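A short write-up of the structure that comes next.
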Amino acid sequence: MGRHASRTEPAIERKPGVRGGEPVVAGTGIKVLDVAIRYEVMGMTPDEIVSALPGLTLQQVHTALSYYYAHKAGMDREWKASLKKMEVQRRRSPSRLERKLGQAKVLCR
Numbered sequence: 323m324g325r326h327a328s329r330t331e332p333a334i335e336r337k338p339g340v341r342g343g344e345p346v347v348a349g350t351g352i353k354v355l356d357v358a359i360r361y362e363v364m365g366m367t368p369d370e371i372v373s374a375l376p377g378l379t380l381q382q383v384h385t386a387l388s389y390y391y392a393h394k395a396g397m398d399r400e401w402k403a404s405l406k407k408m409e410v411q412r413r414r415s416p417s418r419l420e421r422k423l424g425q426a427k428v429l430c431r
């Protein structure tokens with residue numbers, strides 16, 4: 323009984339020029355972490371994630387979650403580092419609203 327050799331494309335890929343080299347669902351540009359955050363943090367079901375990210379199929383959502391759990395420690399570290407970096411950047415460059423609120427506080431003194 324012979325087996326047919328079939329070539330399958332990777333379901334998750336990392337490319338230096340795509341989304342900062344973070345793992346993405348192949349062919350979509352949607353980051354694995356975006357799927358995981360919706361599931362873990364926001365409490366969305368896989369079906370709800372498909373509705374929120376219409377470029378994904380249910381199978382791709384499950385594949386992304388599987389990848390996340392297989393690499394959870396490293397991905398969580400990257401996510402926390404990214405959050406810290408964003409917070410530092412936010413402090414250095416306040417938004418328009420933050421600047422206006424700051425100006426309003428000065429005027430109200």
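323 is the number of the first residue of the sequence shown in the numbering used here; add one for each residue after it. Just so you know, even glycine gets a beta-carbon here, dropped at the ideal spot from N, CA and C. Note that the structure is predicted; figures quoted are calculated from it, not measured.
Asked, Found
"Residue 423 burial status per 10 Å Cβ neighbour count (16 or more: buried)", "exposed"
"Proximal residues to residue 372 (C-beta, below 8 Å), its chain only, five neighbours per side dropped", "378, 379, 380 and 383"
"CB of residue 347 within 9 Å of CB of residue 385, strictly", "yes"
"Spatial neighbours of residue 360 in its chain, beta-carbon cut-off 7 Å, leaving aside the 5 residues before and after", "366, 371 and 374"
"Close beta carbons around residue 350, own chain, < 6 Å, minus the five adjacent residues each side", "377"
"Inter-residue Cα distance where the pair is residue 414 and residue 405", "14 Å"
"Residue 337 (DSSP reduced to helix, strand or coil)", "coil"
"Ranges of the alpha helix (DSSP H) found wholly within the segment 369-403, counting only runs of at least 4", "380-392"
"Residue 354: first and last residue of the uninterrupted alpha helix (DSSP H) it sits in", "354-362"
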